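A quick write-up on the structure given underneath.
In this note's numbering, the protein residues as written are 1 to 80.
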């Protein structure tokens, strides 16, 4: 028998910005478009690029820089 197994994990990124921004407000925006991207890091980058282009914000993002943590594994379905 074959099974589809789902691994869920948290990936911690480091984001440094050149000036004060409301990161909580940006996170709300990032979370609202998260489904459009392959990763959270990609979504963060896209939104920060938009802010950079609009307001001249400089930023640096280090994806996975702060480590990862496995939340768990679960059986999703049997596979033929």
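Beta carbons are placed, not taken as given, at the ideal position from N, Cα and C, and that holds for glycine. Predicted model only: the values in this text are computed from it and were never measured.
When only Cα atoms are considered, residue 76 and residue 50 end up about 36 Å apart. Sixteen is the threshold: since fewer than 16 other Cβ atoms of the shown chains lie within 10 Å of the Cβ of residue 68, the residue is exposed.
Collapsing the DSSP output to three states places residue 63 in coil.
Note on the stretch 9-42: whole alpha helix (DSSP H) runs with a minimum of 4 residues are 23-33, in chain order. In this structure, the CA atom of residue 43 is about 11 Å from the CA atom of residue 28.
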